[in-house]
DNA sequence: TTGCATACTTACTAACTAGTAAGTACGTTT
DNA sequence: AAACGTACTTACTAGTTAGTAAGTATGCAA
C-alpha cells in the first residue's frame, strides 16, 4: 500500500518529467506544489534515481494493465490499436506532455544507470506488445503492411514519440496528421 | 568572421546539447573542455539563450546550404532524400547524438523564448523543404505515397527524430529499421 | 504507559549554476 | 608613443541543486 503523499509525489514528478524533462525539475518543485518541505519528498524517495525508477515502473504497470484488459475483452485489432493511440492522445491533451520514451530518450546519457535499465525494459515491453498486435492483425486481414511486424512497431512508436515533440514546437495538427498517416499506412 | 574560440564553443555546445540536452550542460563544461575559464565563454555568449540561439541558427544555415547544394547539382529525388537521411545517420554514428528537434522538443517548455522561436523556424524550414521534395518526387514517379506531401514529410521527420532516441535506449538496428521502413513506404 | 514506527519539519551542507565586475596582456590604429 | 579594441583571467555573487541529520507530532501495539 502506497501512502497518499507518496502517490501524489509520483503524479507530480511524472508530470514534471514529461513536461520539462528529468534535468529540469527538482525536489523543491515537487514539495512546493504539495505544500510540504523538500525533506518530506526525500523521506519517500531518498534519491532522484529512486523516484525516476518508480515513475517508469508505474508506467510499465499501467501499460501492462491496459493491454491485459484489452486482451481479456477480446477487442478487435483496430480497437486495441486505438487504445494504444489513446495513451499518446492523452499526453497531447494534457498540456502537451511528451511520452516517457521521448522525454527519457533525449536525456538518456544523463540518467542514473538504474533508470536507464528501467527505460530499456519499458521500451521493449511496448515494442513486444505492438509487434504481436500487428502480427495477429495482419493474419486476420485487419492490418496491411510490408516487412516484419517488429520493424513496423518500431516505426509507429518512434513516429508517435516524435509527433508529441513536434506538436509542442508547431501545433496539434501535426500530431493528428501523424496519427492519420500511421493509420492510413496500416489500412488496405 | 567568427573567432576560432567562438566556433569551438559552438561546436562543443552543440555536441553537449545533442548528447545531454539543454538543461544538462553548463558554461563550466564548455570552458573546461576548451581549457579556458567560464567567463571567457560568457565573453562570446553573454547568456545561455544567446548560445542556444546561435546553435540553432548555425544548424539552420547548414541545412540551407546542404539543400541548396543538392538542388544546384540537380540530384534525383532519391539522392536528395539520401542526403537528408545522412544528417540523421551522422548523428547516430557521432556517439548516438539526437537531432536538434528531438533534443529541443523534449525540453521545449524550459527553453528561453528566443530559442523557442528559433526552433519553430528550423522545424518549418525542414518541413517545407521535405514537403517540396516529396511533392516533386511523386510528380516524377520516383516516390509513391498516400495523402498530402506535408503529412508525409511530418511523419518522416518525427520518425527519424524518435528513431535516434530509441536507438540510444535499445540499439542501432532499430534506427536502421526505421530508415528501411520509411524508404519502403516511399517506394512503389 | 511505554515503546516504536510513520510521516513529517527544521536547519543545514557541499556542489554546481548562470552571470558579472574589474583587471590584464597584446596587437593594431592614430 | 598613446589610445583603443579584442580576448581573455581572476575573483566573485546569488540562486538552485540533491541530499542529510536531528528533532517532533501522532497513532498504534505490547
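Chains as they are written, first to last, in the numbering used here: chain A, 1 to 188; chain B, 189 to 376. Note that CB positions come from ideal geometry on N, CA and C, so glycine has one too.
Can you check which of these residues, the options, is closest to residue i by C-alpha distance?
| i | options | result |
| --- | --- | --- |
| residue 268/B | 351/B, 236/B, 251/B and 335/B | 251/B |
| residue 153/A | 10/A, 126/A, 167/A and 75/A | 126/A |
| residue 77/A | 156/A, 6/A and 140/A | 140/A |
| residue 165/A | 350/B, 355/B and 354/B | 350/B |
| residue 208/B | 285/B, 231/B and 195/B | 285/B |
| residue 157/A | 147/A, 178/A and 143/A | 178/A |
| residue 8/A | 23/A, 30/A, 25/A and 22/A | 30/A |
| residue 242/A | 26/A, 137/A, 169/A and 116/A | Residue 242/A falls outside the range modelled here, since chain A spans only 1 to 188, and no answer is possible. |
| residue 243/B | 293/B, 200/B, 298/B and 334/B | 200/B |
| residue 231/B | 215/B, 262/B, 336/B and 356/B | 215/B |
| residue 316/B | 271/B, 338/B, 276/B and 364/B | 338/B |
| residue 176/A | 91/A, 112/A and 104/A | 91/A |
| residue 58/A | 188/A, 130/A and 118/A | 118/A |
| residue 95/A | 188/A, 17/A and 5/A | 17/A |
| residue 299/B | 168/A, 53/A and 41/A | 168/A |
| residue 174/A | 227/B, 336/B and 233/B | 336/B |
| residue 3/A | 102/A, 146/A, 40/A and 14/A | 40/A |
| residue 224/B | 193/B, 235/B, 234/B and 202/B | 193/B |
| residue 334/B | 188/A, 71/A and 109/A | 188/A |
| residue 360/B | 301/B, 296/B and 277/B | 277/B |
| residue 320/B | 220/B, 256/B and 275/B | 256/B |
Starting from residue i and walking both ways along the alpha helix (DSSP H), at which residues does that stretch end?
| i | result |
| --- | --- |
| residue 276/B | 265–281 |
| residue 260/B | 236–260 |
| residue 146/A | Element bounds for residue 146/A: n/a, residue is neither H nor E. |
| residue 198/B | 192–208 |
| residue 230/B | 226–232 |
| residue 120/A | 113–139 |
| residue 26/A | That residue, residue 26/A, is in no alpha helix (DSSP H); it is neither H nor E in DSSP. |
| residue 375/B | Run containing residue 375/B: none; DSSP gives neither H nor E here. |
| residue 105/A | 100–106 |
Assuming residue i and residue j form a contact by the criterion Cβ under 8 Å, report the distance between their Cβ atoms to the nearest whole angstrom.
| i | j | result |
| --- | --- | --- |
| residue 309/B | residue 248/B | 7 Å |
| residue 343/B | residue 181/A | 4 Å |
| residue 210/B | residue 292/B | 7 Å |
| residue 239/B | residue 287/B | Contact flag wrong, Cβ pair sits at about 19 Å. |
| residue 331/B | residue 318/B | The Cβ separation is near 11 Å, so there is no contact. |
| residue 49/A | residue 115/A | 6 Å |
| residue 378/B | residue 241/B | This structure gives no information on residue 378/B, because the portion of chain B shown stretches from 189 to 376. |
| residue 311/B | residue 170/A | 6 Å |
| residue 106/A | residue 294/B | 4 Å |
Next item on the list: For the stretch 153–183 of chain A, list the beta strand (DSSP E) runs that are entirely contained and at least 3 residues long, ordered along the chain.
Entry: none
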